[in-house]
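Residue numbers are given in the working numbering: position 118 of the sequence shown equals residue 126, and the series is strictly consecutive.
Reviewing the structure listed below.
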Amino acid sequence: MIIVTGGAGFIGSNYVHYLLASTNIERIVVLDKLTYAGSLDNIRSPLTNGQIEFIQGDISVEEDVESAIRHCDAVVNFAAESHNDRALLDPSPFIETNVKGAGILAYAAAQNGVKRMVHVSTDEVYGEIREGSFHESLALRPRSTYPAAKAGGEMMILAAVESFGLEACITRGVNNIGPYQHPEKALPLFVTNALLDMPLPIYGTGQQVRDRMHVLDHCSAIQIALERGEPGGLYNVGVDNECTNEYMVDHILQRLNKPKSLKRYIEDRTGHDFRYSVDSTRMRELGWEPQYDLNAALNSSIDWYVKNEWWWREARSEEFENYYKEVYQDRLSQAGQDHTPA
Ligand code: NAD
Ligand code: TDX
9 MIIVTGGAGF IGSNYVHYLL ASTNIERIVV LDKLTYAGSL DNIRSPLTNG
59 QIEFIQGDIS VEEDVESAIR HCDAVVNFAA ESHNDRALLD PSPFIETNVK
109 GAGILAYAAA QNGVKRMVHV STDEVYGEIR EGSFHESLAL RPRSTYPAAK
159 AGGEMMILAA VESFGLEACI TRGVNNIGPY QHPEKALPLF VTNALLDMPL
209 PIYGTGQQVR DRMHVLDHCS AIQIALERGE PGGLYNVGVD NECTNEYMVD
259 HILQRLNKPK SLKRYIEDRT GHDFRYSVDS TRMRELGWEP QYDLNAALNS
309 SIDWYVKNEW WWREARSEEF ENYYKEVYQD RLSQAGQDHT PA
């Protein structure tokens, strides 16, 4: 039996679909709090077909974790607050879930004899890098609340490895794109705004760089880490699909046949990391090989939102619209159509 925490969110739900399609694991249990970011729509068909079980619960609440984790062989932890812009509005849930939750989960896993665990972390824990790539041996220098809390969570996992012999490893993935990503994140926000003929809000100059990994490549890496990762091992997961935010926006507009006049350059995100890049040699040495190059990752992701309007209309809920107004309304009203925000 495997527990997938945060399995109703973006990457967790893709991992559930990946497990069902690519492995013979007999029992899959999703434990998810169903915050604004989680939705049973993301795992609707396996739930309806009885292929998975769902427990609504919070990884930072001991009783929720204890009752779910008994008789479990493996845990993959996706549960987190994951959006940088929300961390700027309210850090509390980030500290609660990403640090305390990771600690409670790791302790419960160790006490209940869980055999294997992967804790899904992020490239952002290293901080930004203008040139070259981060290696796992480097010190963590997170520059804002979300990655700082993720770094804290990693320490909780490593403490349980040392203190209790928990067989857990940690993956540090780059930016994911693909199906079921909440529309607060850049690619689904840009695609769905374009489909709605709304402006696309680009932070600062749009020259920031991200390595865009298709979520299924991330899922295959996590599975390999679960099967072959060393206890206490750290594994960068990157794909060399670097591009600027502006390149991604232009690509989206072109694919959707929408005008460049939808682009808006708005006031930058506070503490915006300019570039992330990781050296994934260690992950590749475990036998991992990503399948999607940049164009394939972008195009298949864009096309999914075009085909699944029902999904993103649901995700662009009242909660989302309130959040959108809070983060974007003033900045958009002062926006420019060239690289200099008005
Ligand atoms: P997401 O926000 O889409 O999903 C998070 C899920 O966790 C949601 O279903 C939510 O309901 C659930 N959750 C939140 N708090 C919880 C709690 N206390 N207890 C139980 N469930 C809770 O996030 P995502 O983009 O799918 O990211 C998943 C994981 O991967 C996160 O740990 C994130 O840090 C990491 N990660 C994400 C990316 C990326 O590009 N999205 C890249 C690298 C690593
Ligand atoms: O409206 C926007 N305009 C914009 O220019 C948004 C939402 C984003 N951006 C920029 C900021 C980033 O440079 O696009 C880039 C990507 O932004 P996000 O999708 O918010 O991702 P990022 O902040 O890079 O973090 C993501 O990758 C690492 C995930 O959200 C994290 O969970 C993951 O750990």
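C-beta: ideal position from N, C-alpha, C; glycine also.
Computed from a predicted model, the values in this text were never measured in an experiment.
- Here H190 is buried. Its C-beta has 16 or more other C-beta atoms within 10 Å.
- It is roughly 31 Å from the alpha-carbon of K333 to the alpha-carbon of N303.
- Residue burial is scored here from C-beta neighbours: D40 has at least 16 other C-beta atoms within 10 angstroms and is therefore classed as buried.
- The straight-line gap separating the alpha-carbon atoms of F172 and P239 is approximately 11 Å.
- When H347, I232, R263 and L204 are compared, the shortest CA-CA separation from R290 is found for I232.
- Around the CB of R180, 16 or more other CB atoms lie within 10 Å, so the residue is classed as buried.
- The shortest CA-to-CA distance from G246 to any of Q119, Q337 and D301 is the one to D301.
- Distance between I60 and G186, taken at the CA atoms: about 22 Å.
- Excluding its 5 nearest sequence neighbours in each direction, R272 has C-beta neighbours in its own chain below 8 Å: P207, L208, P209, I210, L340, A343, G344 and Q345, listed in chain order.
- Taking a contact to require three or more Cβ pairs closer than 8 Å, the region 154-168 and the region 92-105 qualify as touching.
- In the structure shown, the three-state DSSP call for E61 is strand.
- DSSP, read as helix, strand or coil, puts N201 in helix.
- Secondary structure of R94 (DSSP, three-state): helix.
- Taking D81 as reference, the option from I67, I36 and G109 with the minimal CA-CA separation is I36.
- Counting C-beta pairs with one atom in each stretch, the region 320-329 and the region 257-275 have fewer than three that are closer than 8 Å, which means they do not touch.
- At the C-beta level, V133 and L148 come within 8 Å of one another.
- Using a cutoff of 7 Å, the CB of I230 does not count as near ligand 1, since none of the ligand's heavy atoms is closer than that.
- Closest option to Q299, judged by alpha-carbon separation, among A110, D248 and V257: D248.
- Around A229, the same chain offers V245, M291 and W296 as residues with beta carbons nearer than 6 Å, after the five sequence neighbours per side are excluded.
- Short note on I33: C-beta not closer than 7 Å to any heavy atom of ligand 1.
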